[in-house]
Amino acid sequence: MEQAIRLALEHNQALRAQRLNVDQAKAGQITAALKPNPVYTMTNEDFPIFTPKDLTFANLRDNQEFLQSVSFLYERGGKRAKRIQVAQDTTAVTTHGVADAERQLRFQVAQAFIEMLLAKSNLEFATEDLKSYQQVVELNRRRMESGDISDADFLKISLQELQFEQDVSAARLALSQTRAALRQMLGYESVPEDFDAAGALAHKKYVVSIEELRSRALAERPDLLAAQSGVKLANDTVALAYANRAQDLTWEAEYKRNGMVNGVGFGVSIALPFRDRNQGEIAQSKVAVRQAQDAESFTRTGTLTDVLSAYEGWRSAGQVVDLYEAGYLDQATKSRDISNYAYRRGAASLLDLLDAERSYRATQLAYRQALANYMASVEQVNLAVGAQVMQ
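FYI, the numbering for the sequence shown is -2 to 388, going by our numbering.
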């Protein structure tokens, strides 16, 4: 299972595409840290193109105006530092989001892997059960030929073989479908078409407390960490909005030739904030803070609810498996063996044999399903906590 999860984390196309969001967010940090470019301006005026007689070298030398200037934007209010912080917060939120996608994929792969193990186990059982029943059919064929049973009784026994063959066919289909579903999650080209899942359904017991699970979930679950980072992002966005309220200065240095005069100059410009003081962006970012706080609170309560639900589901699934292993499996096996033994010696009816066989088959299939449910409940706890607390 761990190998399947590793392959999925490496090759799953949807996850690989989502990881690129982190690279995009990091590129946003580069953009946020850039300083404004200087601006070069060249202005040349008063060329007498409509009076060609004045287009002489002396006239151009003595009367034309040539202006070359360079201006620099000076950002006030700490805008650049706050932009960088917002970009870093965005990267943190995106990174936690990708980690949460990995958490979800890990669970989905584990669940699909368990379903494939269940399908394999059901196919093995159905095949063995079919072989066992074919021996019963063959035995009764000889009994019919020797006159111990009637043709009608043999036909009833023979017709029951169809159910066993249908079980085998259904189990093969289930195995094929679960293999295809798992392959898609692993990355279609990462495994061959006929790959197999190594492992078996098992009832491995763990010792964990609900308090430990809650504590680890609150500290490690990625979607909760993303929500908490979202609150920080919203607060830092408010700070950036206030910083954007400060008006920037534009410094300018120039060289000017006006006729026979060569000179340099400087200037400064600033917008007068009589109307636009970034009120709308400030108000909007403050609302976003309350929204992020509500989202974080909702995610926190959802995390605790998921942990409790998963914990109780794991306990319940374990209790069901314990019931089967405490005696029901042995009882079903003994009942079938006794009925088969008695029927072979004429001490039990055909109805008793078939009823015991059905009970045995139903018990075995239900036990395998209970094991699969238990293993899935373990992965559900890991999903709710956001960490591999049960391995």
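No residue lacks a Cβ here, since even glycine has one placed at the ideal position from N, Cα and C.
| query | Tell me which same chain residues have a C-beta within less than 7 Å of the C-beta of Tyr239, skipping the five on either side of it? | reply | Translated into positions along the sequence shown, residue 239 becomes position 242. So the list reads Ile279, once near-sequence residues are dropped.
| message | Taking 8 Å as the cut-off, does the stretch 185 to 200 touch the stretch 149 to 163 (at least 3 CB pairs, one atom from each stretch)? | response | no
| field | Straight-line Cα distance separating Arg77 from Ala194 | value | Against the sequence shown, residue 194 aligns to sequence position 197. Against the sequence shown, residue 77 aligns to sequence position 80. Straight across, the Cα-Cα distance linking Ala194 with Arg77 is about 53 Å.
| request: Taking Tyr325 as part of the alpha helix (DSSP H), name the residues at either end of that continuous run. | output: Locating residue 325 in the sequence shown gives position 328, counting from the first residue. That residue, Tyr325, is in no alpha helix (DSSP H); it is neither H nor E in DSSP.
| query | Under three-state DSSP, which class holds Asn18? | reply | Here the question's residue 18 lines up with position 21 in the sequence shown. Three-state DSSP puts Asn18 in a helix.
| query | With distances taken from CA atoms, which of Gln281, Gln244, Ser282 and Asp273 is nearest Val265? | reply | Here residue 265 is taken as the residue at index 268 of the sequence shown, counted from 1. Of the listed residues, the one whose Cα sits closest to Val265 is Gln244.
| message | I'd like to check one pair, Pro35 with Val67: are the Cβ atoms closer than 8 Å? | response | Sequence index remark: in the sequence shown, residue 67 carries index 70 (1-based). Sequence index remark: in the sequence shown, residue 35 carries index 38 (1-based). Against a cut-off of 8 Å, the Cβ pair of Pro35 and Val67 comes out as a contact.
| task | With a threshold of 16 other CB atoms inside 10 Å of the CB of Leu348, please say whether the residue is buried or exposed. | result | Along the sequence shown, one-based indexing puts residue 348 at 351. Counting Cβ neighbours within 10 Å, Leu348 comes out exposed, since fewer than 16 surround it.
| With distances taken between CB atoms, is the gap from Ala452 to Ser332 smaller than 8 Å? | The requested residue 452 does not occur in the structure, where the chain is confined to residues -2 to 388.
| Meets three-Cβ-pair contact criterion under 8 Å: the stretch 288 to 304 and the stretch 219 to 227 | yes
| query | Can you name the residues that DSSP bridges to Leu246? | reply | In the sequence shown, the residue the question calls residue 246 occupies position 249. Bridge partners of Leu246: Tyr71 and Ile267.
| task | For the alpha helix (DSSP H) containing Glu162, list its first residue and its last residue. | result | Sequence index remark: in the sequence shown, residue 162 carries index 165 (1-based). Per DSSP, Glu162 belongs to the alpha helix (DSSP H) from Asp148 to Leu183.
| query | Are at least three pairs of beta-carbons, each pair with one atom in the stretch 371 to 385 and one in the stretch 303 to 311, less than 8 Å apart? | reply | yes
| field | At least three beta-carbon pairs within less than 8 Å, the stretch 84 to 91 to the stretch 6 to 24 | value | yes
| Reduced DSSP secondary structure (H/G/I, E/B, other) of Phe122 | Along the sequence shown, read from residue 1 onward, the residue named residue 122 stands at position 125. Here Phe122 sits in helix by DSSP.
| request: Starting from Thr40, trace the beta strand (DSSP E) both ways and give me its first and last residue. | output: Taking the sequence shown and counting its residues from 1, the one referred to as residue 40 is at position 43. Start and end: Val36 to Glu42.
| query | Among Tyr252, Pro270 and Glu158, which residue has its Cα nearest to the Cα of Gln65? | reply | As a working mapping, residue 65 is identified with position 68 in the sequence shown. Of the candidates Tyr252, Pro270 and Glu158, the one whose C-alpha sits nearest the C-alpha of Gln65 is Tyr252.
| query | Going straight from the alpha carbon of Leu179 to that of Asp145, what length do you get? | reply | As a first step, residue 179 is located in the sequence shown; it is residue number 182 there, counting from the start. As a first step, residue 145 is located in the sequence shown; it is residue number 148 there, counting from the start. So the alpha carbons of these two residues sit roughly 51 Å apart.
| request: Mind checking which residues open and close the alpha helix (DSSP H) that includes Gly299? | output: On the sequence shown, residue 299 is found 302 positions in, with the first residue counted as 1. Residues Gln276 to Leu320.
| message | Please state whether the Cβ-Cβ distance between Thr92 and Leu215 is less than 8 Å. | response | Within the sequence shown, numbered from 1, the residue matching residue 92 stands at position 95. Within the sequence shown, numbered from 1, the residue matching residue 215 stands at position 218. No; because the gap between Cβ atoms is not below 8 Å, this pair is not in contact.
| said: For Ala285, tell me which candidate among Val228, Glu208, Ala323 and Leu114 has the shortest Cα-Cα distance. | reply: Here residue 285 corresponds to residue number 288 of the sequence shown, with the count starting at 1. It is Val228.
| field | DSSP-derived helix/strand/coil call for Tyr203 | value | Your numbering for residue 203 matches position 206 in the sequence shown. Here Tyr203 sits in coil by DSSP.
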